[in-house]
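Q: Under the working numbering, the first residue of the sequence shown is numbered 729, with each subsequent residue one higher. Heads up, the beta-carbon is just placed ideally off N, CA and C, and yes, glycines get one too.
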Amino acid sequence: MDENRPTRVLLLGSTGSIGTQALEVVAANPDKFTVVGLAAGGGNVELLTRQIRETGVSSVAVADPRAAAALDRPGVLSGPDAVTELVRTTEADVVLNALVGSLGLEPTLAALESGARLALANKESLVAGGPLVTAAAAPGQIVPVDSEHSALAQCLRGGSAGEVDRLVLTASGGPFRGWTADRLESVTPEQAGAHPTWSMGPMNTLNSATLVNKGLELIETHLLFGVDYDRIDVTVHPQSIVHSMVTFTDGSTLAQASPPDMKLPIALALGWPHRVAGAAAACDFSTASSWEFEPLDSQVFPAVDLAREAGKGGGCLTAVYNAANEVAAQAFLDGIIRFPRIVRTVASVLSEADEWSAPPATVEDVLAADGWARERARQLVKQEG
């Protein structure tokens, strides 16, 4: 990477929550970053059109061919493989993968193959691909965008790998923290879409409400940092100020704290290992405040324990976990099943998934597990409906 010019950023998922905030980071730091390509699903053509105009990019990919046609621009790549093709044909220093769901797997692998740094917000691609993704990555090539993993990466600078005792992920607890299992039966999609501290896309917000998001982050933590599942803890921190912690063998714990603002981890991932001045507001210690921590209620919210079991089971079981959740979560949003049934469906699919515990040798192996899990989840959802 030439440090005498701005870092070239290829942005996948530009019209989503992470994508739009990433463009704000780039616009605020034109001396540091420049956008060289955009990719989106096609659900918001008006916004994508504005982004293309404001960034001046000519390299664009849209998954939906109808949306691509609506852009009315020459050279726009379209179709299911368009994003992967864009990654392979665009010279970039950093690929920010902010796509939603396991469809981000092949673009993730293409980014790693290109040699660019991968700023990874699409945790599902790492969870689904597992060892395929980690094997394809050079040391340090993947830099996490999730606030929790960004926090861990920062805290881990405080000691050597041999000095690390435990990693601690924090969770806000979601909008239903403290609720009973019976009360969750009446949750509506509107209630599940109201996160107490973060502004995210609809699927990530729902996954935070079920705690599946924290389960995915648990798996991602293991894959990114190589720490055993039994040494990764989850604690509830309603204020979402402390984003994660690392406890070292001497008994000290380092925590990364900042007000909840995704621009900070986005900027850090784009500029890694250097910080971007003014990326976000700092904590204000001039007024009284309290930071609370409490144990996760795994009886009411079993998604994290399920993720731990899937991770320990190995192979493609984490892909099964993710795929089953995507189907069940959409069924809830569509009014087909009740809120608690989301995680119950994931548990049921995992209980039948022993055949998928072998390590994947190819992307096709992962896609086969993903496809099986989706179909089984659809069957279970249909029975429920």
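#1: Return the residue from the list ALA1051, ASP1093, ASP961 that minimises the CA-CA distance to GLU1022.
#2: Based on DSSP bridge pairs, tell me the residues matched to PHE761.
#3: Determine the direct distance from the alpha carbon of LEU776 to that of ALA798, and round the result to whole angstroms.
#4: Measuring alpha carbon to alpha carbon, tell me which of PHE761, SER742, THR1046, SER842 ends up nearest LEU996.
#5: In terms of DSSP beta bridges, what is ASP961 paired with?
#6: How about the stretch 910-923 and the stretch 1040-1049: do they share at least three Cβ pairs that are nearer than 8 Å?
#7: Where do the ends of the alpha helix (DSSP H) carrying THR817 lie?
#8: Only counting the same chain, and skipping five residues up and downstream in sequence, which positions put a Cβ closer than 6 Å to that of LEU944?
#9: Let me know the secondary structure DSSP gives ASN825 once reduced to three states.
#10: Can you tell me the Cα-Cα spacing of VAL764 and THR818, whole angstroms?
#11: Could you tell me the distance, in whole angstroms, from the CA atom of ALA864 to the CA atom of GLY843?
#12: Below 8 Å, how does it come out for the stretch 1027-1044 and the stretch 902-916: are there three or more Cβ pairs, yes or no?
#13: Specify the secondary structure class of VAL974 as computed by DSSP and reduced to three states.
#14: Please state whether DSSP places THR743 in a helix, a strand or coil.
#15: In the DSSP assignment, find the unbroken beta strand (DSSP E) run with THR982 in it and report its ends.
#16: Whose C-alpha, out of THR949, ALA820, ARG781, LEU1061, is nearest the C-alpha of ASP800?
#17: Rounded C-beta distance between SER878 and PRO993? I'm assuming under 8 Å.
#18: Under the rule that 16 or more other beta-carbon atoms within 10 Å means buried, what is GLN749, buried or exposed?
#19: How about GLY741 and VAL828: are their beta carbons less than 9 Å apart?
#20: Residues in its own chain within less than 6 Å of MET931 by CB, not counting five upstream and five downstream?
#21: Does the count of Cβ pairs from the stretch 882-896 and the stretch 951-967 closer than 8 Å reach three?
#22: Start and end of the beta strand (DSSP E) containing ALA789?
#23: Taking only the alpha-carbon atoms, compute the straight-line gap between VAL785 and ALA826 and give it to the nearest angstrom.
#24: With a CB to CB cut of under 6 Å and the five nearest residues on each side skipped, what residues in its chain are close to TRP1000?
#25: State the CB to CB distance for the pair PRO987 and ALA1008, rounded to an integer number of angstroms; the pair is presumed to be in contact (CB under 8 Å).
#26: For the ligand GDP, is there any heavy atom lying closer than 8 Å to the beta carbon of GLY832?
#27: Residue range of the beta strand (DSSP E) that ALA1016 falls in?
#28: Would you identify the three-state DSSP class for LEU939, choosing helix, strand or coil?
#29: When the Cα atoms are used, what is the spatial distance from LYS1040 to GLU774?
#30: Examine the Cβ distances between the stretch 1061-1069 and the stretch 1081-1093 and report whether three or more of them are shorter than 8 Å.
#31: Straight-line CA distance for GLN984 to ARG885?
#32: Among all the DSSP beta bridges, which residues are the ones paired with ARG794?
#33: Going along the chain, which residues of its own chain have a beta-carbon closer than 6 Å to the beta-carbon of ILE746, five neighbours each way excluded?
#34: Spatial neighbours of PHE976 within its chain, please: CB distance less than 7 Å, with the 5 preceding and 5 following residues excluded, ordered by chain position.
#35: Please check the pair TRP1019 and ILE969, which I expect to be a contact at CB under 8 Å, by giving their CB distance rounded to whole angstroms.
A: Concretely, from the data shown:
#1: ASP961
#2: THR735
#3: 11 Å
#4: PHE761
#5: VAL896
#6: no
#7: 810-817
#8: LYS851, VAL855
#9: strand
#10: 8 Å
#11: 10 Å
#12: yes
#13: strand
#14: coil
#15: Checking the sequence, you will find Leu at residue 982 rather than Thr. That run of the beta strand (DSSP E) goes 981-985.
#16: ARG781
#17: 4 Å
#18: buried
#19: yes
#20: VAL828
#21: yes
#22: 788-790
#23: 18 Å
#24: VAL871
#25: 7 Å
#26: In the structure on display, the ligand GDP does not appear, and there are no ligands present to speak of.
#27: Neither: ALA1016 is in no beta strand (DSSP E) and is coded neither H nor E.
#28: coil
#29: 44 Å
#30: no
#31: 11 Å
#32: Bridge partners of ARG794: none, in fact.
#33: ALA826, ALA849
#34: GLY887, GLU891, VAL892, ASP893
#35: 6 Å
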